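See below for the structure under consideration.
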Amino acid sequence: MSAQQWPDLAGRIVRDADGQRHILPVRVYFEDTDAGGVVYHASFVRYAERGRTDFLRLLGTDARRLIDGTDSSEPAAFVVRRMTFDFARPGRMDDLLEVETRVKELGGASVTLEQTISRDGVRLVTADVIVVLISISGKPLRLSTAVREAFQAHAESAKDLTR
Numbered sequence: 010m011s012a013q014q015w016p017d018l019a020g021r022i023v024r025d026a027d028g029q030r031h032i033l034p035v036r037v038y039f040e041d042t043d044a045g046g047v048v049y050h051a052s053f054v055r056y057a058e059r060g061r062t063d064f065l066r067l068l069g070t071d072a073r074r075l076i077d078g079t080d081s082s083e084p085a086a087f088v089v090r091r092m093t094f095d096f097a098r099p100g101r102m103d104d105l106l107e108v109e110t111r112v113k114e115l116g117g118a119s120v121t122l123e124q125t126i127s128r129d130g131v132r133l134v135t136a137d138v139i140v141v142l143i144s145i146s147g148k149p150l151r152l153s154t155a156v157r158e159a160f161q162a163h164a165e166s167a168k169d170l171t172r
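Going by the working numbering, the sequence shown opens with residue 10, and the numbers climb by one from there.
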């Protein structure tokens with residue numbers, strides 16, 4: 010199976026009056042909930058990770074290309090430096106959610122992302138996530154030109170801290 014067979018599996022990038030953002034649909038399954046059928050909080054962390062991963066994929070790179078060094082100066086990976094969540098409303102089993110990801114700031118080695126998880130346009134969870142590009146040995150790496158340009162092209166309104 011290939012991405013050509015399922016082009017929407019990674020969500021989509023939307024450009025409209027609200028700016029540019031990535032949207033990934035996520036269905037809530039039984040395994041995502043607690044005994045009461047409410048989405049367990051850690052499931053929202055997984056949904057946000059999926060949104061970030063597929064956003065990166067649609068920007069033209071992915072974790073594999075970073076790890077093998079194709080899109081960085083050496084083998085690398087994005088790791089979470091900081092993550093804050095605000096849980097406003099519960100999700101429930103069988104809900105169809107949207108994970109929205111926007112670029113908020115670009116640093117030398119970091120990207121700050123704003124993520125919202127909603128159901129039918131109603132915000133359930135918001136998250137601010139800072140990811141840092143590190144080498145496989147653990148040292149921070151500057152964002153490569155290819156990765157930086159992909160993020161900048163997606164969100165020209167993002168604050169670029171390297172300028």
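Where is the CB? At the ideal position from N, CA and C, for every residue including glycine.
No experiment lies behind these values; they were computed from the predicted model shown.
Own chain partners of residue i with C-beta closer than 6 Å, once the 5 adjacent residues on each side are dropped
{"i": "residue 41", "result": "48 and 52"}
{"i": "residue 22", "result": "31 and 67"}
Pair within 7 Å by beta-carbon distance, residue i and residue j
{"i": "residue 127", "j": "residue 80", "result": "no"}
{"i": "residue 122", "j": "residue 138", "result": "yes"}
{"i": "residue 112", "j": "residue 60", "result": "no"}
{"i": "residue 37", "j": "residue 104", "result": "yes"}
{"i": "residue 39", "j": "residue 102", "result": "yes"}
{"i": "residue 100", "j": "residue 133", "result": "yes"}
{"i": "residue 65", "j": "residue 163", "result": "no"}
{"i": "residue 117", "j": "residue 151", "result": "yes"}
{"i": "residue 54", "j": "residue 141", "result": "no"}
Where residue i falls, given that 16 or more other Cβ within 10 Å makes a residue buried
{"i": "residue 63", "result": "buried"}
{"i": "residue 19", "result": "buried"}
{"i": "residue 156", "result": "buried"}
{"i": "residue 119", "result": "buried"}
{"i": "residue 35", "result": "buried"}
Closer than 7 Å to chain D by CB, residue i
{"i": "residue 64", "result": "The structure shown contains no chain D; it is built from a single protein chain."}
Supposed contact pair residue j and residue i - C-beta distance, whole angstroms, cut 8 Å
{"i": "residue 85", "j": "residue 143", "result": "6 Å"}
{"i": "residue 50", "j": "residue 110", "result": "Actually they are not in contact, since the Cβ atoms of residue 50 and residue 110 sit about 19 Å apart, beyond 8 Å."}
Beta-carbon proximity list for residue i, same chain, < 7 Å, skipping 5 on both sides
{"i": "residue 136", "result": "57, 92, 93, 94 and 124"}
{"i": "residue 77", "result": "84"}
In chain order, each beta strand (DSSP E) run of at least 3 residues that lies wholly inside the stretch 104 to 128: 105 to 115 and 119 to 128
Complete runs of the beta strand (DSSP E) confined to the stretch 14 to 94 [at least 3 residues]: 21 to 25 and 28 to 36
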